[in-house]
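The next block holds one structure in the form of structure tokens; read it before the comments.
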Ligand SMILES: O=P(O)(O)O[C@@H]1C[C@H](O)[C@@H](CO)O1
Ligand SMILES: Nc1nc2[nH]cnc2c(=O)[nH]1
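In our numbering, the protein residues as written are 4 to 301.
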């Protein structure tokens with residue numbers, strides 16, 4: 004395991020080593036990778052023929068330190084599509100570097116998957132009429148006011164991909180109106196507030212967010228950026244877990260337990276949705292086997 008807080012970058016051989024280690028341990032060859040944010044590890048439970056690896060047992064892998072992030076990779080199949088789920092991911096505020104946040108995304112590029120389906124829960128929403136518990140499909144990514152730079156690592160050019168990615172989310176890949184349940188589709192701009200401290204927003208910057216019509220979170224931008232750079236198709240889903248206050252006198256504060264509570268209430272429904280989307284992903288892969296469908300939930 005790497006020490007936290009290092010300004011590491013892994014070498015290309017580090018990615019290869021981890022990828023090959025996993026390939027030697029499992030017969031699954033995933034086509035879709037799902038990153039499950041806080042409280043959404045349950046999504047992996049829908050998979051058949053599961054094989055699980057704890058992060059601490061995988062060479063080079065960071066370990067999860069935040070409640071609601073179990074910290075294991077689950078390989079399996081959904082609707083006959085081979086998948087891998089990250090039950091838990093990493094945040095800058097845990098003391099990890101960007102390379103550590105993005106480590107597994109680069110590994111998926113190196114063989115484990117042709118697509119990425121990342122599942123992110125929890126975002127605060129500053130547009131007050133937006134309902135908590137709504138699921139948003141992300142269309143646009145704004146890096147935030149303190150943008151991290153996940154593509155600066157030295158080996159990025161080994162990615163046979165566009166060096167300057169632009170649109171991050173695959174728009175054509177999926178409609179949430181899928182017959183899978185009650186989810187609402189949103190074309191909203193989503194803004195990521197990627198802080199190194201686990202702070203929630205103060206009302207002041209949220210005024211700007213409101214004008215952008217954005218949701219805020221502490222993760223996801225680095226992984227999406229790198230996935231896109233690697234040529235993966237990305238679907239981003241986010242669950243609105245709380246409102247963000249524009250009022251300094253407001254007493255209620257956002258807390259992680261409540262965020263997890265909302266995730267728990269929606270996890271089953273999200274699990275069905277993700278399974279449906281992965282099933283459709285398989286169909287698209289048949290149509291375009293070179294680089295399958297999208298995707299990214301987070
Ligand atoms: O991993 P995600 O972005 O889902 O986790 C969010 C961000 C913070 O860790 C926490 C806030 O409650 O949940
Ligand atoms: N930055 C940020 N991240 C979140 N994750 C879940 N809720 C929030 C929030 O209100 N703000």
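Cβ atoms here follow ideal geometry from the backbone N, Cα and C, with glycine treated the same way.
Taking only three categories from DSSP, how would you classify residue 268? helix
Output the distance between the C-alpha atoms of residue 260 and residue 244, rounded to the nearest integer angstrom. 11 Å
Please find out if some non-hydrogen atom of ligand 2 comes closer than 7 Å to the beta-carbon of residue 92. no
May I have the straight-line CA-CA distance separating residue 269 from residue 136, to the nearest angstrom? 7 Å
Let me confirm a value: residue 63 is counted as buried when at least 16 other C-beta atoms fall within 10 Å, else exposed. Which label applies? buried
Boundaries of the alpha helix (DSSP H) in which residue 59 is found, first to last residue: Neither: residue 59 is in no alpha helix (DSSP H) and is coded neither H nor E.
Reducing DSSP to helix, strand and coil, say where residue 16 ends up. helix
Contact check, residue 263 vs residue 71 under 8 Å by CB: the rounded distance? 5 Å
Quick check: is any heavy atom of ligand 1 less than 7 Å from the C-beta of residue 31? no
Only counting the same chain, and skipping five residues up and downstream in sequence, which positions put a Cβ closer than 6 Å to that of residue 78? 29, 31, 54 and 87
According to DSSP, simplified to helix, strand and coil, what is residue 141? coil
Nearest-angstrom Cα distance between residue 228 and residue 256? 30 Å
Are the CB atoms of residue 57 and residue 75 within a distance shorter than 8 Å? yes
If you draw a straight line from the C-alpha of residue 25 to the C-alpha of residue 231, how long is it? 23 Å
Rank 46, 108 and 45 by C-alpha distance to the C-alpha of residue 223 and give the top, closest one. 108
Between which two residues does the beta strand (DSSP E) harbouring residue 36 extend? 35 to 39
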